[in-house]
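Number of protein chains: 2
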Amino acid sequence: MKADIFLGETKVVFCETFFSFFEDLLKLSEPIVFITDHNVKELIGSSIQRLLQEKKRSVFLISIPPGEASKSREIKEWIENELFSIRFPKDGSIIALGGGVVCDMAGFVASTYMRGVSFYSIPTTLLAMVDASIGGKTGINTSFGKNLLGSMYPARQVWICPQFLESLPKREWLNGLSEIMKIGFTLDPELLSLATKKMDQIVIFRSCLAKKQVVDEDYQDRGKRRILQFGHTIGHALEKISSYQLSHGEAVAKGMAIEGFLSYTLGYLSKNKWDSMREILKSCGFSFQVDPKISFSQIQESLEMDKKGTDQRGRFVLLQDFGVVVPFQGEYCTHVDDKVLCKAWEWLKSCPI
Amino acid sequence: MKADIFLGETKVVFCETFFSFFEDLLKLSEPIVFITDHNVKELIGSSIQRLLQEKKRSVFLISIPPGEASKSREIKEWIENELFSIRFPKDGSIIALGGGVVCDMAGFVASTYMRGVSFYSIPTTLLAMVDASIGGKTGINTSFGKNLLGSMYPARQVWICPQFLESLPKREWLNGLSEIMKIGFTLDPELLSLATKKMDQIVIFRSCLAKKQVVDEDYQDRGKRRILQFGHTIGHALEKISSYQLSHGEAVAKGMAIEGFLSYTLGYLSKNKWDSMREILKSCGFSFQVDPKISFSQIQESLEMDKKGTDQRGRFVLLQDFGVVVPFQGEYCTHVDDKVLCKAWEWLKSCPI
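As they're listed, the protein sequences go chains A and B.
For the first sequence, numbering that gives the first Met the number 0 assigns the number 0 to the initial residue and increments by one for each residue that follows.
For the second sequence, numbering that gives the first Met the number 0 assigns the number 0 to the initial residue and increments by one for each residue that follows.
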């Protein structure tokens, strides 16, 4: 299968193998800088660099430590200084080669380097393929919370190549699966069964297509796009509280459970669907367990910096059915009474697995 | 006189006094944060804050040290942390209140805080009114050069109020005059005599209007907008080499002299016009003198990071007449042979005043 879709200004190219898009890389303006992490560099980054150098391309590779801790101001500054050191010009090309961390960071760097240089993306994890590399959001974390600094800076082109998933560790599969389930619950329920049966290119393509519908309608994230934040209000809080020891996917799964609980408790979602939702998440391998030491007030404090929040309180995306988010007058998210939220948190804490 | 123009997405409002736009500020979404410098805070910032607080608005004021040294990553980080500390939300408003440094910094902060919040600008210097506050360029400096990090992030609204110029120091007048002369030489020659006769609201309005024509045509700065870089190639290099002791206007005036010399020497500009250009710049009060210790190789090194440069070499904007820039196949700038450039530099160094 080979197919292209446009997501805003981004051309998303789906292709089976690396060699089916190698020609595209040869057309990019030079110099080319890959931003990657140490693992991906070793697995494929250095080889790709060599292949391009054999074709006489001017190619550099900047590699950062893997993991969420790299999404920091310090690492951004370090990358920028590397770029300055090689006199990287405004008409060069930056390519993210890696997972969500690399895509978020490389896009942010590209957006502010000399007020913006051409940016491309080669996601190598399931999460980055279905979420981080498409839609234009870039960002880094600060001690105040996740993705609190960043920009809207869509890649010109994204190459999605499932070949890179062959060496993906199990935890990384779950990370991506969580975002696919999110799209299943909120936009395309057929994905819920498709993805649990067989994770293939069709599932990835379909997830991207569903994301495209929402992003094309509300690129600036002022309404409908907030659907894609399902599970992320509590998810981001849990990630931050765990100092990013909890993976994004694990945290979002727990966040979806909370928002499922809220959707049911507040009368939007039927009991059947709420039961089914928990079953689906569990069958994927997600755990609802949270550190029992985390207090409700810690959660509340973290929610103060929720980007879709108002009045220093987070807002939640709620379901009225699989594939149907409660619209809340075009806001697609809502405040929830503290008592109800506290009940949801206590319920999550009581989950045995 | 009260008039509005649209510059891209930015509404530029020209008004005589602060009170003719105070009503507009009352309509902004809260909380409102003014980013300003210590001088402007004392002169008007605190009073404006008080006036808005009397109208029950939630208003904060973040003040940085005046001067180009504040356009740093460290100050950006400090401002962001102040915003996080007050839990400044994505739906609040940031207003730049100050000169070029404040406008460049506040715009950059607004563009990356939570991936972008609403940004407004109240320029208080001539330079900021005719240049820094309009056109969407934001930026900070690094040790590698000027404005090397930044974003394209136009203010939603800019209020230009010459009342604020009443307390402007002489050096600041020259700073702004330099950008107006730049517009005169490249786009609107009538400004050359108008601005030297009487600096009034008409001159400011006309400068903005000329800038608008170019920015509307080439917002992304890939061709025609480079006209506005006249004088800036050498100007930025001199500012950086002087560790920003030289003001932007002084540096750009010397840069314009160099590009005038190049335009004449390379046969684009008549001797008459070149003689006249030097006279005009001198009559404004600009000096062509440079630190004789600066070597040509220092200049060359600084030009390696010129944002419109290619092949690690700066490019220059040349005149064929007042109001007419050499188009160079739509590039509006060109490389210049090192020997010719060196000659221009030696000429500048030999200028007695």
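For every residue, glycine included, the Cβ atom is placed at its ideal position computed from N, Cα and C.
Owing to the predicted nature of the structure, the values given are computational and were not obtained by experimental measurement.
Classification of residue i by the beta-carbon crowding that lies within 10 angstroms, buried from 16 upward
i	result
residue 15 (chain A)	exposed
residue 246 (chain B)	buried
residue 44 (chain A)	buried
residue 159 (chain A)	buried
residue 48 (chain B)	buried
residue 197 (chain A)	exposed
residue 75 (chain A)	buried
residue 278 (chain A)	exposed
residue 61 (chain A)	buried
residue 294 (chain B)	exposed
residue 187 (chain B)	buried
residue 206 (chain A)	buried
residue 343 (chain A)	buried
residue 301 (chain B)	buried
residue 228 (chain A)	buried
residue 105 (chain A)	buried
residue 122 (chain B)	buried
residue 271 (chain A)	exposed
residue 171 (chain B)	buried
residue 161 (chain B)	buried
residue 132 (chain A)	buried
residue 355 (chain A)	Nothing can be reported for residue 355 (chain A): it is not among the residues displayed for chain A, which extend from 0 to 352.
For residue i, the nearest candidate out of the options (CA to CA)
i	options	result
residue 233 (chain A)	A:261, A:206 and A:199	A:261
residue 135 (chain B)	B:63, B:69, B:79 and B:5	B:5
residue 53 (chain B)	B:21, B:62, B:42 and B:99	B:21
residue 51 (chain A)	A:240, A:289, A:23 and A:312	A:23
residue 38 (chain B)	B:27, B:289 and B:124	B:124
residue 175 (chain B)	B:7, B:327, B:99 and B:95	B:99
residue 103 (chain A)	A:127, A:210 and A:28	A:127
residue 101 (chain A)	A:72, A:146 and A:35	A:35
residue 285 (chain B)	B:148, B:351, B:29 and B:268	B:351
residue 252 (chain A)	A:213, A:41, A:290 and A:280	A:280
residue 112 (chain B)	B:78, B:195 and B:243	B:78
residue 347 (chain B)	B:287, B:109 and B:263	B:287
residue 223 (chain A)	A:70, A:329, A:64 and A:19	A:329
residue 320 (chain B)	B:189, B:17 and B:290	B:189
residue 257 (chain A)	A:200, A:345 and A:114	A:345
residue 195 (chain A)	A:173, A:225, A:332 and A:13	A:173
residue 202 (chain A)	A:146, A:180 and A:30	A:180
residue 169 (chain B)	B:283, B:29 and B:28	B:283
residue 46 (chain B)	B:3, B:18 and B:30	B:18
Host alpha helix (DSSP H) of residue i (start-end)
i	result
residue 119 (chain B)	No alpha helix (DSSP H) contains residue 119 (chain B), which is instead part of the beta strand (DSSP E) from 117-122.
residue 35 (chain B)	Taken as a continuous stretch (DSSP letters only), residue 35 (chain B) belongs to no alpha helix (DSSP H), being part of the beta strand (DSSP E) at 31-36.
residue 342 (chain B)	337-349
residue 5 (chain B)	No alpha helix (DSSP H) holds residue 5 (chain B); the beta strand (DSSP E) holding it covers 2-6.
residue 210 (chain A)	200-216
residue 272 (chain A)	270-283
residue 101 (chain B)	99-111
residue 264 (chain A)	247-264
residue 363 (chain B)	One cannot answer for residue 363 (chain B) here, as it falls past the ends of chain B, which runs 0 to 352.
residue 297 (chain A)	295-302
residue 23 (chain B)	21-25
residue 85 (chain A)	Note, residue 85 (chain A): premise wrong, no alpha helix (DSSP H); not H, not E.
residue 176 (chain A)	169-185
residue 164 (chain B)	Looking at the DSSP string, residue 164 (chain B) is not in any alpha helix (DSSP H), and its letter there is neither H nor E.
Residue interval of the beta strand (DSSP E) (run including residue i)
i	result
residue 62 (chain B)	58-63
residue 10 (chain B)	9-13
residue 141 (chain A)	139-141
residue 145 (chain B)	144-148
residue 42 (chain A)	Premise fails: residue 42 (chain A) is in no beta strand (DSSP E) and is neither H nor E.
residue 190 (chain A)	Where residue 190 (chain A) is concerned, there is no enclosing beta strand (DSSP E), although the alpha helix (DSSP H) it sits in stretches over 189-196.
residue 156 (chain A)	156-159
residue 318 (chain B)	318-320
Presumed contact (8 Å Cβ cut-off) between residue i and residue j, rounded CB distance
i	j	result
residue 85 (chain A)	residue 59 (chain A)	6 Å
residue 218 (chain A)	residue 7 (chain A)	6 Å
residue 177 (chain A)	residue 248 (chain A)	3 Å
residue 267 (chain A)	residue 191 (chain A)	That belief does not hold up - the Cβ atoms of residue 267 (chain A) and residue 191 (chain A) are roughly 18 Å apart, past 8 Å.
residue 96 (chain B)	residue 33 (chain B)	5 Å
residue 323 (chain A)	residue 316 (chain A)	So it is not a contact: roughly 12 Å between Cβ atoms.
Across the region 327-338 of chain A and the region 233-243 of chain A, are there enough close Cβ pairs to call them in contact, namely three or more that are closer than 8 Å? no
Count the C-beta pairs between the region 147-155 of chain B and the region 109-120 of chain B that are closer than 8 Å, then say yes if the count reaches three, no if not. yes
Determine contact between the region 131-145 of chain A and the region 81-94 of chain A, defined as no fewer than three beta-carbon pairs at a distance below 8 Å. no
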